[in-house]
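*Asks:* Numbering (my numbering), first residue to last: 14 to 453.
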Amino acid sequence: MDDEYEKLIRRMNPPRVVIDNDACEHATVIQVDSVYKHGILLEVVQVLTDLNLIITKAYISSDGGWFMVVFKVIDLDGNKIRDEGIINYIQRTLETDACFLPSFRGSVGVMPSKEHTSIELTGTDRPGLLSEVCAVLTDLRCTVVNAEIWTHNARAAAVLHVTDESTGCAIEDPKQLSIIKELLCNVLKGNNDLKTAKITLSPPGVTHRERRLHQMMFADRDYERAGLVRADDKRSSPHVTILDCLEKDYTVITVRSKDRPKLLFDTVCTLTDMQYVVFHGTVNRERMEAYQEYYIRHVDGLPISSEAEGQRVMQCLEAAIERRASEGLKLELCTEDRIGLLSDITRIFRENSLCIKRAKISTKGGKVKDTFYVTDVTGSSVDPQTVDSICQQIGQPILRVKRNLSPSLKPPQETTTGFLFGNFFKTRTFQNFGLVRSYS
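Structure, rendered in structure tokens:
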């Protein structure tokens with residue numbers, strides 16, 4: 014009955030979107046007002062980040078059953094959004110209920126559809142893993158249409174969309190799907206670690222691919238530290254603090270990290286899937302550093318109530334930021350598609366002792382555009398001679414070196430007060446987080 018009432022309220026108060034290019038000198042202002050629904054903030058952020066828009070500032074409020082968010086956004090070139098097609102798409106998408114439908118959260122597995130077969134897998138990361146996966150798929154006459162691969166804390170997760178090489182369509186034969194699962198599972202279990210690979214059948218779903226990768230790595234507990242962090246990594250690692258807001262019974266989370274595209278999506282995605290509600294929040298981007306502050310409660314209405322819970326939230330937010338952090342050398346592959354291309358490219362990387370830390374595979378209209386972030390086997394920068402050798406093997410116009418990415422951000426200073434409401438709320442922090450809060 015409550016469900017039907019909520020639907021009625023939403024129908025009577027559809028989302029309202031205002032896009033203004035005159036209110037701010039350097040950015041487009043987008044304001045969204047709607048009846049509150051769990052996950053609505055993530056869905057709105059998802060629409061903007063999928064258009065490769067950069068959110069430079071944001072103000073969030075969702076108290077009293079109503080949701081309001083104001084964004085300042087620019088495009089990748091740092092300009093306002095002038096394209097009427099993009100503006101109309103944002104307005105149309107955010108003002109329809111379709112944007113706010115709940116996302117399916119399924120298990121890891123092989124998922125058939127008419128266009129392609131979606132393969133989701135997690136396992137222990139190791140040099141040459143993607144090459145081995147691609148080799149198996151090529152041997153089984155599967156073509157990787159697009160894919161995204163993340164690695165973090167010695168764990169790996171991937172979502173691959175594949176088609177049958179002979180038909181160009183999804184693979185629907187149960188026997189063939191079973192063989193794919195079995196062989197890929199053998200690849201992922203190759204080092205016989207305690208954390209086994211996961212490849213199981215799952216029902217069709219509509220979960221956003223990057224959100225799915227977050228969910229998969231979270232379920233695989235990649236946020237648990239695999240070992241000591243290298244000294245040079247500490248300089249660019251995210252800094253998360255958790256405090257109590259005593260007057261209003263919120264938990265206050267502040268995040269400071271090196272800025273990059275989709276940072277807001279990653280943190281909001283994690284809080285949403287951990288079942289926390291952002292009641293108030295602010296986001297600010299200054300130079301190369303990003304600041305985020307959230308006033309949250311769990312969906313049951315309670316703030317974070319123990320040091321263990323706070324520590325887990327802190328670790329999960331840090332992991333969410335680190336998963337997408339660009340590491341190593343960025344290589345871009347642009348060429349005509351052909352059977353076995355991805356298998357050949359990843360094999361060359363493996364033979365030259367390169368580790369793929371993150372990858373995005375895309376095929377459209379017979380053209381391939383792939384992006385790889387690579388390091389050597391120790392996680393250090395790739396030797397220039399190795400890069401030259403690889404470019405010669407693959408072809409200089411086909412494989413391009415974009416940039417070498419290395420940490421350069423100074424560690425943020427400790428802070429004990431929020432910057433959204435200043436000193437309006439008194440706060441105190443958890444003892445385990447280095448300050449004064451203790452629990453009886």
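Glycine included, each C-beta is placed from N, C-alpha and C at the ideal position.
In or out: P316 buried (at least 16 other Cβ within 10 Å) or exposed?
*Replies:* As a working mapping, residue 316 is identified with position 303 in the sequence shown. Buried, since its Cβ has 16 or more Cβ neighbours within 10 Å.
*Asks:* Mapping the DSSP letters down to three states, classify H227 as helix, strand or coil.
*Replies:* By 1-based counting over the sequence shown, the position of residue 227 is 214. If DSSP states are grouped into helix, strand and coil, H227 belongs with the helices.
*Asks:* Can you tell me which of the three DSSP states L241 falls into?
*Replies:* As a first step, residue 241 is located in the sequence shown; it is residue number 228 there, counting from the start. Note on L241: pLDDT 44, under 50, position unreliable in the model; no value is reported.
*Asks:* Starting from the C-beta of Q44, find all residues in its chain whose C-beta is less than 6 Å away, skip the five residues before and the five after it, and write them out in chain order.
*Replies:* As a position in the sequence shown, residue 44 is number 31, starting the count at 1. So the list reads V31, V83, once near-sequence residues are dropped.
*Asks:* If I follow the unbroken alpha helix (DSSP H) through T359, where does it start and stop?
*Replies:* Translated into positions along the sequence shown, residue 359 becomes position 346. Looking at the DSSP string, the run of the alpha helix (DSSP H) that includes T359 is 354-364.
*Asks:* Less than 8 Å separating the beta-carbons of Q288 and V268?
*Replies:* Along the sequence shown, read from residue 1 onward, the residue named residue 288 stands at position 275. Along the sequence shown, read from residue 1 onward, the residue named residue 268 stands at position 255. It is not a contact, given that the beta carbons lie outside the stated cut-off.
*Asks:* Using 8 Å as the threshold, is the C-beta distance between T359 and S144 below it?
*Replies:* Reading the sequence shown from its first residue, position 346 is the one you call residue 359. Reading the sequence shown from its first residue, position 131 is the one you call residue 144. Yes, Cβ-Cβ distance for T359 and S144 is below 8 Å.
*Asks:* In angstroms with no decimal places, state the Cα-to-Cα distance between H129 and E56.
*Replies:* The residue you call residue 129 lines up with position 116 of the sequence shown. The residue you call residue 56 lines up with position 43 of the sequence shown. If I take the Cα positions, the gap works out to 25 Å.
*Asks:* Whole angstroms is fine: what's the gap from A303's alpha carbon to I67's?
*Replies:* Position 290 of the sequence shown, counted from the first residue, corresponds to residue 303. Position 54 of the sequence shown, counted from the first residue, corresponds to residue 67. Within the model, the alpha-carbon separation for A303 versus I67 is close to 12 Å.
*Asks:* What are the residues that DSSP puts in a beta bridge with D389?
*Replies:* Mapped onto the sequence shown, residue 389 falls at position 376. Looking at the DSSP assignment, D389 forms a beta bridge with L367.
*Asks:* Compute the beta-carbon to beta-carbon distance between L367 and V395, rounded to the nearest angstrom, for a pair I have assumed lies under 8 Å.
*Replies:* On the sequence shown, position 354 is the one that residue 367 refers to. On the sequence shown, position 382 is the one that residue 395 refers to. Their Cβ separation, rounded to whole angstroms, is 6 Å, which keeps L367 and V395 in contact under 8 Å.
*Asks:* When you compare the CB positions of K93 and N297, do they come within less than 8 Å of one another, or not?
*Replies:* Working through the sequence shown from its first residue, we reach residue 93 at position 80. Working through the sequence shown from its first residue, we reach residue 297 at position 284. Taking 8 Å as the Cβ cut-off, K93 and N297 do not qualify as a contacting pair.
*Asks:* As a quick exercise: from V387, G392, L354, pick the residue whose alpha carbon is nearest that of L150.
*Replies:* Position 137 of the sequence shown, counted from the start, is the residue given in the question as residue 150. The residue with the shortest Cα to Cα distance from L150 is L354.
*Asks:* Can you tell me where the beta strand (DSSP E) holding D396 begins and where it ends?
*Replies:* In the sequence shown, the residue the question calls residue 396 occupies position 383. Neither: D396 is in no beta strand (DSSP E) and is coded neither H nor E.
*Asks:* Using 8 Å for Cβ pairs, my map puts D350 next to V381. What's the rounded Cβ distance?
*Replies:* Here the question's residue 350 lines up with position 337 in the sequence shown. Here the question's residue 381 lines up with position 368 in the sequence shown. So it is a contact: roughly 5 Å between Cβ atoms.
*Asks:* Give the straight-line distance between the Cα atoms of P27 and F80, rounded to the nearest whole angstrom.
*Replies:* Here the question's residue 27 lines up with position 14 in the sequence shown. Here the question's residue 80 lines up with position 67 in the sequence shown. Distance between the alpha carbons of P27 and F80: 11 Å.
*Asks:* Touching or not, the segment 253-272 and the segment 186-202, by the rule of three or more beta carbon pairs under 8 Å?
*Replies:* Segments in contact, no.
*Asks:* Please report the residue range of the beta strand (DSSP E) in which K271 lies.
*Replies:* Residue mapping note: residue 271 aligns to position 258 of the sequence shown, counting from 1. Looking at the DSSP string, the run of the beta strand (DSSP E) that includes K271 is 263-271.
*Asks:* Straight-line CA distance for W163 to L226?
*Replies:* As a working mapping, residue 163 is identified with position 150 in the sequence shown. As a working mapping, residue 226 is identified with position 213 in the sequence shown. Rounded to the nearest angstrom, the two C-alpha atoms are 8 Å apart.
*Asks:* Could you pull the DSSP bridge partners for N297 from this structure?
*Replies:* Here residue 297 refers to the residue found at position 284 of the sequence shown. Its beta-bridge partners are K70, Y304.
*Asks:* Distance check for T280 and F292, CA to CA, integer angstroms please.
*Replies:* By 1-based counting over the sequence shown, the position of residue 292 is 279. By 1-based counting over the sequence shown, the position of residue 280 is 267. Straight-line measurement puts the Cα of T280 at about 15 Å from the Cα of F292.
*Asks:* Can you tell me whether DSSP reads I162 as helix, strand or coil?
*Replies:* Within the sequence shown, the letter at position 149 stands for residue 162. It is a strand residue.
*Asks:* Would DSSP call E97 helix, strand or coil?
*Replies:* Counted from its first residue, the sequence shown places residue 97 at position 84. If DSSP states are grouped into helix, strand and coil, E97 belongs with the helices.
*Asks:* Roughly how many whole angstroms lie between the Cα atoms of V175 and F231?
*Replies:* Stepping through the sequence shown from its first residue, residue 175 is reached at position 162. Stepping through the sequence shown from its first residue, residue 231 is reached at position 218. Using only the alpha carbons, I get a separation of about 24 Å.
*Asks:* For N159 and Q398, I'd like the C-alpha separation in whole angstroms.
*Replies:* Taking the first residue of the sequence shown as 1, we reach residue 159 at position 146. Taking the first residue of the sequence shown as 1, we reach residue 398 at position 385. Straight-line Cα distance between these residues: approximately 30 Å.
*Asks:* Tell me the rounded alpha-carbon separation between S191 and L201.
*Replies:* Translated into the one-based positions of the sequence shown, residue 191 becomes position 178. Translated into the one-based positions of the sequence shown, residue 201 becomes position 188. Near 15 Å, if we compare the C-alpha coordinates of L201 and S191.
*Asks:* For E345, report the span of its beta strand (DSSP E) as first-last.
*Replies:* The residue given as residue 345 occupies position 332 in the sequence shown. From DSSP, the beta strand (DSSP E) with E345 extends over 341-349.
*Asks:* My assumption, with CB atoms under 8 Å, is that I369 sits in contact with V390. Please give the rounded CB distance.
*Replies:* Within the sequence shown, residue 369 is the residue found at index 356, counting from 1. Within the sequence shown, residue 390 is the residue found at index 377, counting from 1. That pair is no contact at about 11 Å.
*Asks:* Let me check one thing: in DSSP terms, what residues is Y289 bridge-paired to?
*Replies:* Stepping through the sequence shown from its first residue, residue 289 is reached at position 276. DSSP lists H311 as partners of Y289.
*Asks:* Pick helix, strand or coil for K50, following the three-state DSSP scheme.
*Replies:* Within the sequence shown, residue 50 is the residue found at index 37, counting from 1. Of the three classes helix, strand and coil, the one that applies to K50 here is coil, per DSSP.
*Asks:* Could you give the distance in angstroms between the alpha-carbon of G98 and the alpha-carbon of G91?
*Replies:* Residue 98 sits at position 85 when you count from the first residue of the sequence shown. Residue 91 sits at position 78 when you count from the first residue of the sequence shown. If I take the Cα positions, the gap works out to 18 Å.
*Asks:* Just mark Y236 as buried or exposed, buried being the case when its beta carbon has 16 or more other beta carbons within 10 Å.
*Replies:* Counting from one through the sequence shown, the residue named residue 236 turns up at place 223. Result: buried.
*Asks:* Could you tell me how far apart the beta carbons of I334 and L284 are, in whole angstroms, since I believe they sit closer than 8 Å?
*Replies:* Counted from its first residue, the sequence shown places residue 334 at position 321. Counted from its first residue, the sequence shown places residue 284 at position 271. With 8 Å as the limit, I334 and L284 do not qualify as a contact, their Cβ atoms being about 12 Å apart.
*Asks:* By a C-beta neighbour count over all protein chains shown, 10 Å radius and 16 as the cutoff for buried, is P251 buried or exposed?
*Replies:* Residue numbering aside, residue 251 sits at position 238 when the sequence shown is read from its first letter. It counts as buried.
*Asks:* Pick helix, strand or coil for T156, following the three-state DSSP scheme.
*Replies:* Numbered from 1 along the sequence shown, position 143 holds the residue referred to as residue 156. Here T156 sits in strand by DSSP.
*Asks:* Can you name the residues that DSSP bridges to I255?
*Replies:* Position 242 of the sequence shown holds residue 255. Paired residues: I266.
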